[in-house]
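Undergrad: Per this note's numbering, the very first residue in the sequence shown carries number 2; after that it's consecutive.
Below is the structure I would like to discuss, written out as structure tokens.
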Amino acid sequence: MTYTTTASAAELKINGKTYHLPLVEGTMGDKAIDISNLLRETGYITLDSGYKNTGSCTSSVTYLDGRGGILRYRGYDIEDLAKNCLFVEVAYLLLHGKLPNAAELEAFKQLIGRFALIHEDMIHFFDHFPSHASPMSILSVMVNSLCNFYPEMSANPLEDFDETSTRLISKIRTIAAFSYKKSIGHPLVYPRHDLCYCGNFLHMMFDKPVRPYTVRPEIVTALNKLLILHADHEQNCSTSTVRLVGSAGVNIYAAIAAGINALWGPLHGGANEAVLDMLETIYADDSNFEKYINKAKDRNDPFRLTGFGHRVYKTYDPRAKIIKKACDEILRVLNVSDPLLDIAYKLEEIALHDEYFIERNLYPNVDFYSGIIYRALGIPSNMFTVMFALGRLPGWIAQWKEMHEDPATRIGRPRQVYIGEPARKFIPLAERP
Ligand code: CMC
């Protein structure tokens, strides 16, 4: 699929001279002005801090309409996918551009099963992190290290793509579960071939020699849904990082490790853990909602209502809508009563009726309710962002592949407007005041 360059052009007037910039239109009517020749023709660059209005690529992976609250992977509505699919089915869709048929899905599952172990030498790495090490730092280190054990992709990025992408999807799950086991000082639990992707993850996380863990289908369903809802989100911070780092020609593991590090931030994937901290703080503070709403609105206070707001959505995040409903359901099925859910409901209600949040179109995002589900499933809060990474991985890989296949790809290299000192005469050390 490609974009069209329309017959008309944007006109830009600089110092009385008019320049014509091609207009581009995507398959869903997204409109853009192509400025790729602007510098050459005019000497001007565009300035857009935070890339608020910059399209860095064309993509056919995910469609996002921030005003309409629409999210589609490869043309399929997120709601249909979350309701009807397994996470691995959606991973296949993102990687291959089509939903798998039964035989393709089975082959994909088999391949994931085959790659579930990590090299035994890598297991010693876990022993040398301090026990309080962040699972996100461990995850990025371990994923980066995979290139030394499975170097096939380093030479030709697109060769053996199926094997390497599946290997990553499978091994990241093992690494995540092992890092948890190590952090609590428990023996590692190895993957089982008879379990599905999510079931296997839960088994590796929670099975103990003294107390075998029974994988419950309701928990598997909830986990599938959460991972699907996180699987891609067009050019977000971590995906753009994967593309930017990947554009320098590094191996896929290095690019994905960079994405994991970007995701770690509390403004991005780290928000799910931060939301839970915030809800706990409010709960412990006698549910003083007014105090925290006022803090969030105060420009001089760094506190923000975490789990609220989004760069692109100016309406309710469609993922948050599904997660909120799922949260209610799973807590009921598991017979869990979590006071933090009531705090979250109340906080949302207050914010959605507050002029500050209304004016700025601030709604709950994907991270607002997800942590409460993870908590109900027994996943500790320092693993929440790791869960996000497991979900986002197929999207990162799909975007990385698309970038490598796109003939328009160049090394990512933004420009700047320099505002520092003009040229200065060098002062030798002995003469400096
Ligand atoms: N609480 C209070 N005020 C907010 C919030 C919030 N959560 N989010 C935005 N605002 C205000 C912001 O102060 C600004 O106000 P003003 O116009 O008076 O200066 C206005 O709304 C626009 O915000 P912005 O910071 O210019 O928006 P952005 O697009 O640069 O930032 C965001 C988007 C997600 C970083 C931001 O909304 C935020 O910090 N939210 C809390 C963190 C969070 O939940 N992150 C997860 C995002 S979704 C999942 C993901 O990406 O991983």
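For every residue, glycine included, the Cβ atom is placed at its ideal position computed from N, Cα and C.
Less than 9 Å between the C-beta atoms of Phe127 and Ile139, yes or no?
TA: yes
Undergrad: Please state whether the Cβ-Cβ distance between Leu348 and Ile283 is less than 9 Å.
TA: yes
Undergrad: Does the beta-carbon of Ala117 have 16 or more other beta-carbons within 10 angstroms, so that it is buried, or is it exposed?
TA: buried
Undergrad: Mind checking Arg376: buried by the 16 CB within 10 Å criterion, or exposed?
TA: buried
Undergrad: Run the proximity test for His120: is its beta-carbon closer than 8 Å to any non-hydrogen atom belonging to ligand 1?
TA: no
Undergrad: Using a Cβ-Cβ cutoff of less than 7 Å, which residues in the same chain neighbour Tyr181 once the five nearest sequence positions on both sides are dropped?
TA: Pro136, Met206, Met384
Undergrad: Count Cβ pairs between the region 161 to 175 and the region 289 to 297 that sit closer than 8 Å; are there 3 or more?
TA: no
Undergrad: Alpha carbon to alpha carbon, how far is Asn273 from Gly308?
TA: Roughly 7 Å separates the two Cα atoms.
Undergrad: Consider the C-beta atom of Pro267 and the heavy atoms of ligand 1; say whether any pair is separated by less than 8 Å.
TA: yes
Undergrad: What whole-angstrom Cβ distance do Thr410 and Trp265 have, given they're in contact under 8 Å?
TA: Their Cβ separation, rounded to whole angstroms, is 26 Å, which puts Thr410 and Trp265 out of contact at 8 Å.
Undergrad: Would you list the residues sitting across from Thr5 in a DSSP beta bridge?
TA: Glu26
Undergrad: Helix, strand or coil for Lys326 per DSSP?
TA: helix
Undergrad: Report all residues from its chain with a CB closer than 6 Å to the CB of Thr63; omit the five preceding and five following residues, and keep chain order.
TA: Once the five neighbours on either side are set aside, the close Cβ partners of Thr63 are Tyr74, Asp233, Glu235.
Undergrad: From Gly250 to Met143, what distance separates their C-alpha atoms?
TA: Gly250 and Met143: Cα-Cα distance of roughly 20 Å.
Undergrad: Could you check if Met279 is buried or exposed, using at least 16 other CB atoms within 10 Å of its CB as the buried criterion?
TA: Counting the other Cβ atoms within 10 Å of the Cβ of Met279 gives 16 or more, which makes it buried.
Undergrad: In the structure shown, what three-state DSSP assignment does Pro188 receive?
TA: coil
Undergrad: Thinking Phe369 and Val276 are a contact (beta carbons under 8 Å), I'd like their distance in whole angstroms, please.
TA: 6 Å
Undergrad: If you count every other CB in all the chains shown that lies within 10 Å of the CB of Tyr45, and 16 or more means buried, which is it?
TA: It is exposed - the Cβ of Tyr45 has fewer than 16 other Cβ atoms within 10 Å.
Undergrad: Would you mind reading off the limits of the alpha helix (DSSP H) that contains Leu230?
TA: 218 to 230
Undergrad: Taking only the alpha-carbon atoms, compute the straight-line gap between Arg425 and Lys402 and give it to the nearest angstrom.
TA: 45 Å
Undergrad: Going by DSSP, what residue range makes up the beta strand (DSSP E) through Tyr74?
TA: First-last of the beta strand (DSSP E) with Tyr74: 71 to 74.
Undergrad: Tell me which same chain residues have a C-beta within less than 6 Å of the C-beta of Ile324, skipping the five on either side of it?
TA: Tyr370, Ser371
Undergrad: Count the other C-beta atoms from every protein chain shown that fall within 10 angstroms of the C-beta of His311, then say buried if there are 16 or more, exposed otherwise.
TA: buried
Undergrad: Which partner residues does Tyr64 have in the DSSP bridge list?
TA: Arg73
Undergrad: What does the alpha-carbon distance come out to for the pair Gln111 and Leu169?
TA: 14 Å
Undergrad: Rounded to whole angstroms, how far is the Cβ of Leu203 from the Cβ of Ile220, which I believe are closer than 8 Å?
TA: 6 Å
Undergrad: Can Lys298 be considered in contact with ligand 1, in the sense that its beta carbon sits closer than 8 Å to one or more heavy atoms?
TA: Indeed, a heavy atom of ligand 1 lies less than 8 Å from the Cβ.
Undergrad: Under 8 Å Cβ to Cβ from His1, same chain only, skipping five residues before and after it: list those, please.
TA: With the chain represented from 2 up to 434, any question about residue 1 goes unanswered, as that position is not in the structure.
Undergrad: What number of angstroms, rounded off, separates the C-alpha of Leu82 from the C-alpha of Ile229?
TA: 7 Å
Undergrad: Sorry if obvious, but does the Cβ on Arg68 come closer than 8 Å to a heavy atom of ligand 1?
TA: no
Undergrad: Cβ of Ala390 within 8 Å of any heavy atom in ligand 1?
TA: no
Undergrad: What does DSSP give as the partner residues of Glu164 in its beta bridges?
TA: In DSSP, Glu164 forms no bridge with anything.
Undergrad: Would you check if the distance between the CB atom of Ser241 and the CB atom of Ala255 is smaller than 9 Å?
TA: no
Undergrad: In whole angstroms, what separates the C-alpha of Leu391 from that of Ala177?
TA: 8 Å
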